[in-house]
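Residue numbers (the working numbering): 3 to 271.
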Ligand SMILES: NC(=O)c1ccc[n+]([C@@H]2O[C@H](COP(=O)([O-])OP(=O)(O)OC[C@H]3O[C@@H](n4cnc5c(N)ncnc54)[C@H](O)[C@@H]3O)[C@@H](O)[C@H]2O)c1
């Protein structure tokens, strides 16, 4: 069911890789709610070709950009504004990658060059996106920018490895840039902290099934699905949440506020 919450709004969605991706579900939902979209992903992801299906379904052009590359980002924002014939109302940064996790390096034996790459892709890229938008004055007043994060920024999940540090930095960038962009032209910037969700990036974390089952048992409402994420994200992009900014918003079925559940106590007894 559509509520037309994003009627007349225009947005960029980063990070739709396949139909499991949080960005993919969100793009479909934004389109359903009346938004016009531009889709972006890394050139290597575009070569896989899946995104063309989403482009067709949402009537959106695909413009490649490595989120760590300022030249790519400048080109993306120029082409996007040309396509829309004006400024942008929302952005989803749904991008993350850990080189050390991919290589199987534990947290206590990181390759620090890989770590820098992880931080660049998963966190500093958010600053780069915001800075390019800021310098080009590309966002309308009350525009809404969201990045995806995970509770490993606040609590230790050993196998989340260096991504925990990346997410802490990402959340801090949202707060800091949210201040400056709020003052400049009332742009809001938030992170949404999502339950574990079966996607390509999610499943790359060692012991992911354990993560997911544990979170399910520890959440009074159960894990939030990717579709539920898309619904929530639409509300944050909409005009109904205009004064929410510089927040880390938990979308996790209550997990972050739960010490223990009866289900887990029974298991431990
Ligand atoms: N899946 C989960 O359990 C979960 C939970 C909380 C937060 N998140 C976060 O959600 C976001 C999206 O991940 P997902 O789970 O949908 O997985 P996904 O693998 O579908 O998406 C990750 C995306 O990042 C893109 N990407 C990687 N390097 C890039 C680069 N250099 N330039 C541009 N794009 C690049 C990939 O191509 C891919 O589209 C990530 O930030 C992830 O950390 C995921």
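Glycine residues also receive a C-beta, built at the ideal position from the N, C-alpha and C atoms. Predicted, not measured: the structure shown is a model, and the values here were computed from it.
Contact the segment 235-250 vs the segment 170-185: 3+ CB pairs below 8 angstroms: Touching, yes.
Tell me which same chain residues have a C-beta within less than 6 angstroms of the C-beta of residue 237, skipping the five on either side of it? For residue 237, the CB contacts under 6 angstroms within the same chain, skipping 5 residues up- and downstream, are 243 in chain order.
Does ligand 1 have even one heavy atom less than 7 angstroms from the beta-carbon of residue 203? Checking every heavy atom of ligand 1 against the Cβ of residue 203, one is found closer than 7 angstroms.
For residue 52, which three-state DSSP category applies? In the structure shown, residue 52 sits in coil (DSSP, three-state: anything other than H, G, I, E or B).
Taking residue 226 as the reference, give the member of 253, 204, 212, 215 with the closest Cα. Out of 253, 204, 212, 215, 253 has the C-alpha closest to the C-alpha of residue 226.
Helix or strand or just coil, what does DSSP make of residue 102? In the structure shown, residue 102 sits in a helix (DSSP, three-state: H, G or I).
Grab the span of the beta strand (DSSP E) containing residue 177 for me, first residue to last. Per DSSP, residue 177 is not a residue of any beta strand (DSSP E); the alpha helix (DSSP H) it occupies stretches across 165-187.
Can you give the Cα-Cα distance for residue 66 and residue 95, rounded to whole angstroms? Distance between the alpha carbons of residue 66 and residue 95: 14 angstroms.
Looking at the secondary structure, which residues open and close the beta strand (DSSP E) in which residue 40 lies? Run containing residue 40: 38-42, per the beta strand (DSSP E) assignment.
Does the Cβ of residue 155 lie closer than 7 angstroms to at least one heavy atom of ligand 2? Inclusion of ligand 2 in the displayed structure is not the case, the ligand content consisting of ligand 1 alone.
Mark residue 53 as exposed unless 16 or more other C-beta atoms lie within 10 angstroms of its C-beta, in which case mark it buried. Residue 53 is classed as buried because its beta carbon has at least 16 other beta carbons within 10 Å across all chains shown.
Since residue 161 and residue 207 are thought to touch, with beta carbons under 8 angstroms apart, how far apart are those beta carbons, to the nearest angstrom? Confirmed, about 6 angstroms.
Can you find the residues in the same chain that come closer than 6 angstroms, C-beta to C-beta, to residue 179, ignoring five residues on each side of it along the sequence? Counting only Cβ-Cβ distances below 6 angstroms, and skipping sequence neighbours, we find 132, 191.
My output table needs one value for residue 120: the three-state DSSP class, helix, strand or coil. Helix, per DSSP.
Is it the case that the Cβ atoms of residue 37 and residue 12 are separated by a distance below 8 angstroms? It is a contact, given that the beta carbons lie within the stated cut-off.
Please tell me whether, using a cut-off of 7 angstroms, the distance from the CB of residue 175 to the nearest non-hydrogen atom of ligand 1 is below it. Checking every heavy atom of ligand 1 against the Cβ of residue 175, none is found closer than 7 angstroms.
Could you give the first and the last residue of the continuous beta strand (DSSP E) run that contains residue 147? Going by DSSP, residue 147 is part of the beta strand (DSSP E) stretching over 141-151.
Buried or exposed, going by whether 16 or more other CB atoms sit within 10 Å of the CB of residue 145? Here residue 145 is buried, its C-beta having at least 16 other C-beta atoms within 10 Å.
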